[in-house]
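Have a look at the structure below, then the notes.
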Amino acid sequence: MKTILVFGGAGYIGSHTTKLLLENDYNVIVADNLQYGHKEAILTKHFEYADLMDKESLNNIFEKYKIDVVIHFAGFISVGESVENPMKYYTNNVIGTLNLLEIMLKHNVKNIVFSSTAAIFGNPIYTPIDESHPTNPINPYGMSKLMIEHILKDYHKAYNLNYIALRYFNASGCDEDGIIGESHNPETHLIPLILKAIKGEKEYIKIFGDDYETPDGTCIRDYIYIKDLAMAHKLAIEKIENYSGSINLGTSKGNSVKEIIKIAEKITQKTCPIQIDKRRQGDPAILIASNQKAKEILNWTPSYDIEDIIKTAWNWELNKKF
Ligand code: UFG
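Numbering (the working numbering), first residue to last: 1202 to 1523.
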């Protein structure tokens, strides 16, 4: 049985991946500093409090367990905040990852699956975005993730570190069981905010710009279901000793902000109050992934569509546990 260290396992994508790995009989250790993660989302009995900036806390984990693969989710993710406070992002995301890699190598652990992002591409020059698309991040968050991808590539060459960097497009939806779900504080993501407006918890949803060069003027994104994303991590673990590199993860389909609102209204049978606002800084008009490489390398295909995603998110919104 393989032992997987899920760093950031109390977070949104980390907890859903932990659940899938446990269901598939992996031995899962969750590490988290619980700054943004939720203790209710820790699904394994092996929990270790650890912080990327505290090397001793990292070292303790590798002394205690024989880890086969690390999945590293523990990053700060807010694009706007990264523009205002780049130090926070470069310190936690880049230096924190360097610390983790140092301790891994010290203990001869040579497999890592890393959470990267579509934000490394910046404003795309074509879509769907494949892995040959130039990288040109337009905010410190995206830049911090791109820097780590470069570091992983160099460590692969120099130290035989195996890595797979998974570049998520828009992770969304929740597990159907209703045990875990999406809960960020503050919440900035479109689908939970729409559902909060529908529920009456927010007065309205602000649409950030309706003058983009898209059919209805609002931004188009590639929404990928959280359980499909979790599955990609399981497949990456299985593949990691035979392949190192970066892989885009999306559905290859896009939906505009207005389309998402319409689908949410259809599913909930309620009206979503909206207000048109100005464009949000750093938002590209269209982000859609090519998932050709994910299919070829990981044998991965997404199996849920946007309606399924919003149904699960609504179920969570009505019955959230945290
Ligand atoms: N949006 C609104 N109103 C809102 C919130 C969002 O109109 O209140 C719009 C955004 O402008 C964007 C779309 O809805 O067009 C999706 O926005 P999200 O904030 O949900 O997601 P992003 O596409 O901005 O961000 C996601 C991840 C980031 C990652 C990025 C990569 O959350 O971590 O994709 O582009 F960096």
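For glycine and all other residues, C-beta sits at the position ideal for the given N, C-alpha and C.
All of these numbers come straight from a predicted model, not from anything done at the bench.
Which residues DSSP lists as bridging residue i, in chain order
i     : result
Q1476 : K1407
V1231 : V1207 and F1248
R1368 : S1317 and N1449
I1487 : I1421
I1330 : A1490
N1225 : Answer by DSSP bridge pairing: none, since N1225 is not bridged.
S1345 : For S1345, which the question treats as bridged, DSSP gives no partner whatsoever.
N1363 : N1312
S1457 : I1421
S1373 : Y1426
Beta-carbon separation (whole angstroms), residue i vs residue j, contact threshold 8 Å
i     : j     : result
G1238 : G1276 : Wrong, their Cβ atoms sit about 12 Å apart, outside the cutoff.
K1311 : N1361 : 6 Å
V1177 : I1272 : Residue 1177 lies beyond the residue range present for the chain, which begins at 1202 and ends at 1523; the question has no answer from this structure.
M1202 : D1233 : Rounded, the Cβ-Cβ distance is 22 Å, inconsistent with contact.
I1441 : V1314 : 7 Å
D1417 : K1467 : Actually they do not touch by this definition, with Cβ atoms about 16 Å apart.
P1474 : E1402 : Contact doesn't hold; Cβ gap of about 11 Å is too wide.
K1490 : F1370 : For the sequence presented, residue 1490 should be read as Ala rather than Lys. With 8 Å as the limit, A1490 and F1370 qualify as a contact, their Cβ atoms being about 5 Å apart.
N1293 : L1347 : About 15 Å separates the two Cβ atoms, so there is no contact after all.
I1408 : I1477 : 5 Å
I1395 : I1406 : 5 Å
H1247 : V1229 : 7 Å
N1300 : K1354 : At roughly 18 Å, the Cβ-Cβ gap does not stay under 8 Å, so N1300 and K1354 are not in contact.
V1295 : S1258 : That pair is no contact at about 18 Å.
Cβ shell of residue i (< 6 Å), same chain only, five flanking positions each side left out
i     : result
A1431 : H1217, T1218 and L1221
W1517 : C1375 and G1382
E1241 : K1522 and F1523
G1215 : V1207, G1209 and F1274
N1337 : G1323
K1397 : K1403
T1298 : I1349
G1483 : V1280, I1339 and N1340
E1377 : T1513
R1481 : F1409
Y1213 : E1383
T1452 : D1423, I1425 and P1503
Proximal residues to residue i (C-beta, below 7 Å), its chain only, five neighbours per side dropped
i     : result
T1415 : I1421, S1457, A1486 and I1487
I1507 : Y1424, N1456 and I1464
A1437 : V1314, I1365, L1367 and L1499
T1328 : I1487 and I1489
I1399 : A1465, T1469, K1471 and C1473
Y1356 : L1302 and L1362
K1435 : L1221, L1222 and N1225
A1433 : L1367, L1450, A1495, L1499 and W1501
Same chain, Cβ closer than 8 Å to residue i, five either side skipped, listed in chain order
i     : result
L1235 : A1211 and Y1250
I1380 : K1220, L1244 and K1522
A1514 : S1373, G1374, C1375, G1382, E1383, I1392, P1393 and L1396
L1519 : K1400
I1205 : L1222, Y1227, N1228, V1229, I1230, I1268, D1269, V1270, V1271, I1272 and I1438
T1389 : S1279 and G1281
E1224 : none
I1326 : H1334 and P1335
N1386 : Y1237
Chain C contact for residue i (CB, 8 Å cutoff)
i     : result
A1514 : In summary, chain C is missing from the structure at hand, where a single protein chain is found.
Inspect the CB distances between the stretch 1494-1512 and the stretch 1424-1442 and report whether three or more fall short of 8 Å.
yes
Starting from the N-terminal side, write out each stretch of the alpha helix (DSSP H) that is 4 residues or longer and does not extend beyond the stretch 1230-1310.
1256-1265, 1280-1285, 1287-1290 and 1297-1307
Unbroken beta strand (DSSP E) runs of length 3 or more, entirely within the stretch 1384-1432: which are they?
List check, beta strand (DSSP E) in window: 1406-1409 and 1424-1426.
Between the stretch 1454-1463 and the stretch 1308-1324, do at least 3 Cβ pairs fall closer than 8 Å?
no
Would the stretch 1362-1372 and the stretch 1446-1453 be scored as touching if the rule is three or more Cβ pairs under 8 Å?
yes
Measuring CB atoms only, is the stretch 1331-1349 touching the stretch 1282-1301, in the sense that at least three cross pairs come out at less than 8 Å?
yes
Mind the definition here: the stretch 1392-1412 touches the stretch 1325-1334 only if three or more C-beta pairs lie below 8 Å; say whether that holds.
no
Please confirm if the stretch 1252-1267 is in contact with the stretch 1297-1312, defined as three or more CB-CB distances below 8 Å between the two stretches.
yes
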